[in-house]
Each structure stands twice: as C-alpha cells, then as structure tokens.
Amino acid sequence: MDGIFYTLQDFMTHTKGVTYIIMVLALVSITAFWRFLTDRDDD
Amino acid sequence: MSEQHVVVKKLFFPTDRSLYTPFNVVCGVILLVGLLLTVMRFTGGLAAVTNLDDNYPWGLWIGFDLMAGVALAAGGYTTSAACYIFGMKRFHSAVRPAILTGFLGYALVVLSLNYDVGRPWRLPYPFAVQSGTTSLLFEVAACVALYLTVLFLEYSPAALEWLGFKKLRNAIVKVTLVLTIFGVVLSTLHQSSLGALFLIAPSKLHPLWYSTYIPVYFFVSSIIAGLSMVIFEGTLSHKYFHDRMDETYRAEHDGLVLGFAKGASFVMAGYLIIKVIGIAVDNQWHLLATPYGLWFLVELIGFVALPCYLYAVGARDKNLKLIQRTSIIAVLGIILNRLNVCLIAFNWYLPWNQKYIPHWGEIGLTIFMLTIGVLVFKFIVTKQPIFYEHPKYKEHHAEDLSPHHKGHH
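Residue numbers (our numbering), protein chains in the order written: chain A, 197 to 239; chain B, 8 to 416.
This is how it looks when you write it as structure tokens:
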C-alpha cells in the first residue's frame with residue numbers, strides 16, 4: 197500500500213479506491229449514527 | 008436558587024448598585040489597557056504592538072479575531088435559517104440573541120481589522136475605488152460588509168421596539184425572510200472563502216490541513232461553530248440574565264439546546280467523514296505518524312469526534328449539562344482549527360526561532376475586543392427586548408412567524 201506511484205493514473209486509482217471504501221463505510225456508519233441520535237426522540 | 012448561584016448573582020449584580028463591582032473593575036482595567044494599546048498601535052505602527060513579520064503577515068488578530076470570530080458569529084444565520092427557512096418555530100425565541108451575538112461578532116471583526124490593516128481609512132476602497140474582483144479577499148470583504156448590514160437590519164427591530172419606532176420596526180420585520188435568505192447566501196460565500204484564502208499557499212500550509220476542500224471544511228465547521236455558540240451563549244445568558252427572560256424563552260430553551268446539540272452532532276459526524284476523505288484523496292496517511300500529525304489528531308479526535316459523541320449522548324439522554332459542557336469543547340475546537348490553519352500549521356517547516364508568537368499587545372487588544380463585545384451585549388440585553396417579547400408588540404410576534412409559513416403545506 198505504501199508503494200511508489202509512477203504515474204498519476206496509478207496514484208488516483210489507489211486514492212479513489214480507498215475513498216470509495218471509506219465512503220461506503222461512512223454511509224453505513226452515518227445511518228447507524230442517525231438512528232443512535234434519534235433513538236429516544238419519542239421518549 | 009443554589010448557594011453558588013446566589014454568590015455569582017451578587018458578584019455581578021450587587022444590590023447596593025455601586026459601580027465598583029469586581030466585574031466592572033476588571034473590565035475597566037482591560038478597557039484602559041486596550042485604549043493605551045490602541046494609541047501605541049496608531050502612533051507606533053504594527054511593530055509597536057505585534058510580532059508580525061514577512062513570514063507571518065497574519066497573526067493573532069486574523070487567526071483569532073477574524074477567522075475564529077467570523078466562524079463563531081455564524082449562530083445568526085444558522086438560527087434564523089432553522090426558524091424562518093426550515094420552519095422550526097420552536098427556535099424562534101433564540102433568534103434575537105443569536106442575531107445579536109452574530110451582529111456584535113461581525114462588528115468586532117471589522118473593528119479588529121481596522122487595527123490589522125496598514126491604512127484602515129482605505130477600507131471602503133474595494134467598493135468605491137478599485138475592486139479586485141479576482142481576489143477571494145475582495146469577495147470576503149464584500150460579503151462581510153453586506154452581511155454586517157443584514158445582521159444590523161435583523162437586529163434593528165429589537166432596538167426600534169425599545170425606542171418606540173413602530174412603523175419602521177414593522178417595515179423591517181416584513182423583510183425578515185428576505186434578510187435571512189440573503190444572510191445564508193452571504194454566509195455560505197464568506198465562511199467558505201475564508202478557507203479558500205489558503206488555497207493559494209499549498210506549500211505554506213501543512214498538508215494535513217491543506218486541501219482543495221478547505222472552503223467546504225470552513226463552511227461546514229462554521230455551522231458547527233454557530234450551533235455550539237448559541238448553546239454556549241444561551242448557557243451563560245441563563246446564568247447571568249435569567250431575570251431578563253420571559254416565559255416563552257425559558258420554556259423553549261431546553262428544546263433549543265437539545266435540538267441544536269442533535270444538529271451539531273450530525274454535522275460534526277459529516278465533517279469528520281469529509282476530513283478523512285480529504286486525507287484519503289491526497290494519500291496523507293503517513294503524515295499522521297508525525298508530530299504535526301499527532302496535533303492534527305488531537306484537533307480531530309479531541310475537539311471534533313469527542314464533542315460529536317458527547318452531543319449525541321446528551322441529545323439522546325436529554326442531558327442538558329453534558330451538552331452545555333460539550334459546547335465549550337466544540338467552541339474551543341473551532342478556535343483551535345482556525346489558529347492551526349492560520350498560525351500553527353502555517354509555515355510549518357520554519358525553524359522554531361522563526362515561528363510566530365503573539366506579542367502581549369496583540370493579546371491585550373484581542374481581550375479588549377472581547378470585553379467590548381461582552382459589555383455591549385450586556386447593555387443591549389438588559390435594556391432591549393432580546394430575551395423577552397416587548398409587551399406592545401406581543402400580537403405582532405405571532406404574526407411575524409405565520410406569514411413566512413403560508414406555503415409550507
């Protein structure tokens with residue numbers, strides 16, 4: 197993962213890939229967080 | 008009333024009405040020192056009261072007074088947008104205090120700017136003589152000037168009710184929605200542009216703080232700052248101006264704190280995500296293991312992630328005390344972020360003997376500005392209908408809300 201990137205293409209393929217994975221995790225996490233936040237709203 | 012509350016009340020509101028209260032004496036000393044520093048600044052130049060140099064042309068006044076000040080004054084647009092645009096009428100009683108805080112915040116930003124610029128009498132030049140329309144700083148200046156005007160107009164009904172100018176007051180209240188929309192547009196522009204000022208210096212700002220998304224970071228963090236400042240200011244006001252508050256304000260206050268904590272928590276979660284994305288896009292992970300990386304993590308985890316979680320727990324458990332304490336951490340976090348971008352992570356590669364440390368004169372004048380703000384706020388809230396509805400306009404306040412929501416069905 198810490199390899200040298202010889203081309204911009206390689207760099208962006210790597211960074212975009214990591215970003216996509218983080219975004220999927222983020223969307224799942226923020227949905228769970230919203231449920232945590234609003235869980236006791238009716239109490 | 009608890010014993011502590013009685014002691015605090017007697018300290019700041021003595022019944023013997025003597026002017027020489029501890030609060031007044033401390034403020035008086037600060038004002039005197041501030042005036043002395045003002046004379047030193049305008050007779051001796053910047054070097055007399057600052058440690059600014061060619062490496063750090065922007066110091067504490069820009070980093071704290073301007074950048075942090077503008078972010079923390081964002082409570083005005085967030086509260087009025089929540090109430091008048093998103094229809095959350097339960098926050099209505101918080102609008103006037105938030106607008107007042109915002110107005111005083113921006114006014115002090117402009118006052119501080121007059122100390123920092125070399126020729127303050129030329130402040131109107133970008134509008135009258137030569138506009139640098141390709142400059143972000145021109146856009147910041149234009150938006151701050153316009154937004155200060157908008158805030159003044161939004162605050163003015165309270166002053167006009169106090170002065171008894173009914174017709175003018177009613178005329179201005181009729182344009183509240185227009186002013187709110189204009190305020191949100193202007194705030195979006197200048198809050199983000201303050202961050203965008205650093206886009207031109209990628210080599211000077213540490214890579215962990217520098218990002219092409221820095222305008223987005225500044226705008227989103229201004230929302231967090233605004234919501235947190237409203238909670239913080241509301242907490243302090245309840246402690247010191249409780250007798251100025253009417254039943255509506257007191258009844259709505261708890262709901263306001265819970266609602267704003269929930270909002271701030273969610274926005275903070277989003278902010279955390281976009282900050283992490285920013286690191287991923289530039290592949291900066293390895294920098295987190297450096298000393299600056301550690302400092303970045305202190306800011307992100309200690310002053311964003313932690314208050315995000317604490318706000319969420321407080322909102323869930325309806326724990327007002329926890330939320331109020333968390334707002335202090337959140338406000339400090341915003342100040343830390345602005346100081347990091349402007350001063351600490353700026354020129355990060357310079358040796359320590361060339362780094363910038365504020366002159367005592369800069370610190371003195373910053374405290375002077377804050378004191379002026381507190382005193383003017385105190386004067387206005389004790390004299391004008393900020394925390395209560397003016398009895399002559401009670402029926403008007405109900406009408407003020409309803410015309411803005413006719414289309415919401």
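Cβ atoms here follow ideal geometry from the backbone N, Cα and C, with glycine treated the same way.
Original post:
Opposite residue 267 of chain B in the DSSP bridges: which residues?
Top reply: Its beta-bridge partners do not exist; DSSP assigns none.
**OP:** Name the residue from B:301, B:378, B:331, B:388 whose alpha carbon lies nearest to the alpha carbon of residue 249 of chain B.
**Re:** B:388
Original post:
Whole alpha helix (DSSP H) runs in the region 268 to 310 of chain B with 4 or more residues, listed along the chain?
Top reply: 298 to 304
Original post:
Would residue 269 of chain B count as contacting chain A if we go by Cβ distances under 8 Å?
Top reply: yes
Original post:
Taking the alpha carbon of residue 356 of chain B as the point to measure from, which residue in B:297, B:341, B:304, B:370 has its own alpha carbon closest?
Top reply: B:297
**OP:** Return the CA-CA distance between residue 52 of chain B and residue 41 of chain B, expressed in angstroms with no decimal places.
**Re:** 15 Å
Subject >> Chain-ordered chain B contacts of residue 218 of chain A [CB-CB under 7 Å] >> reply: 283, 284, 287
Subject >> Near-chain A residues of the region 312 to 325 of chain B (beta-carbon distance less than 7 Å), N- to C-terminal order >> reply: 319, 322, 323
**OP:** Mind listing, in chain order, the continuous alpha helix (DSSP H) runs of no fewer than 4 residues lying wholly within the region 109 to 187 of chain B?
**Re:** 132 to 135, 143 to 170, 173 to 181
**OP:** Below 8 Å CB to CB, which residues in the same chain sit around residue 372 of chain B once its five sequence neighbours on both sides are set aside?
**Re:** 41, 44, 45, 48, 56, 68, 119, 122
**OP:** Can you tell me which of the three DSSP states residue 414 of chain B falls into?
**Re:** Below a pLDDT of 50, predicted positions are generally treated as unreliable, and residue 414 of chain B, at 38, falls in that range; the measurement from the model is reported next regardless. Of the three classes helix, strand and coil, the one that applies to residue 414 of chain B here is coil, per DSSP.
Original post:
Is there a Cβ from chain A that is less than 8 Å from the Cβ of residue 273 of chain B?
Top reply: yes
Subject >> Stretch pair the region 167 to 187 of chain B + the region 225 to 235 of chain B: three plus CB contacts closer than 8 Å >> reply: no
Subject >> According to DSSP, residues forming a beta bridge with residue 353 of chain B >> reply: B:212
Original post:
So with Cβ pairs under 8 Å, would you call residue 200 of chain A a contact of chain B?
Top reply: no
Subject >> Coarse secondary structure for residue 236 of chain A, derived from DSSP in three states >> reply: coil
**OP:** Can you grab the Cα-Cα spacing for the pair residue 309 of chain B / residue 294 of chain B, in whole Å?
**Re:** 18 Å
Original post:
What's the gap between the Cα of residue 383 of chain B and the Cα of residue 59 of chain B?
Top reply: 29 Å
Original post:
What is the DSSP secondary structure of residue 205 of chain A, counted as helix, strand or coil?
Top reply: helix
Original post:
Three or more C-beta pairs closer than 8 Å, one from the region 177 to 193 of chain B and one from the region 205 to 212 of chain B: is that the case here?
Top reply: no
**OP:** Measure how close the beta-carbons of residue 233 of chain B and residue 337 of chain B come, nearest whole angstrom, since I'm counting them as under 8 Å.
**Re:** Residue 233 of chain B to residue 337 of chain B, Cβ: 10 Å. No contact.
Subject >> Limits of the alpha helix (DSSP H) - the one that residue 229 of chain B falls within >> reply: 221 to 247
Subject >> The alpha helix (DSSP H) enclosing residue 384 of chain B, as first and last residue numbers >> reply: 367 to 390
**OP:** Return the residue from the list B:277, B:238, B:275, B:281 that minimises the CA-CA distance to residue 260 of chain B.
**Re:** B:238
**OP:** Ignore the nearest five residues each way along the sequence and tell me which others in residue 155 of chain B's own chain have a CB closer than 8 Å to its CB.
**Re:** 110, 113, 114, 117
Subject >> chain B contacts from the region 227 to 239 of chain A (Cβ-Cβ distance under 9 Å) >> reply: 229, 230, 232, 233, 234, 235, 236, 237, 239
Original post:
Just checking, does the region 315 to 331 of chain B make contact with the region 343 to 361 of chain B on the three C-beta pairs under 8 Å criterion?
Top reply: no
**OP:** List the residues of chain A that residue 276 of chain B touches, going by C-beta distances under 7 Å, in chain order.
**Re:** 226, 229
**OP:** Could you give the DSSP three-state label for residue 81 of chain B: helix, strand or coil?
**Re:** coil
Original post:
Under a three-way DSSP split, which group does residue 197 of chain A fall into?
Top reply: The predicted position of residue 197 of chain A is uncertain, since its pLDDT is 49 and thus under 50; a value taken from the coordinates is nonetheless stated next. Residue 197 of chain A: coil per DSSP, three-state reduction.
Original post:
Is residue 64 of chain B helix, strand or coil when you go by DSSP?
Top reply: coil
**OP:** Take residue 320 of chain B and list the residues in its own chain whose beta-carbon comes closer than 8 Å to its own, dropping the five residues that flank it on each side.
**Re:** 326, 329
Original post:
Curious, which full-length alpha helix (DSSP H) runs of at least 4 residues does the region 26 to 72 of chain B contain?
Top reply: 29 to 51, 53 to 56
**OP:** Could you say if the region 87 to 97 of chain B and the region 350 to 367 of chain B meet the contact criterion of at least three C-beta pairs nearer than 8 Å?
**Re:** no
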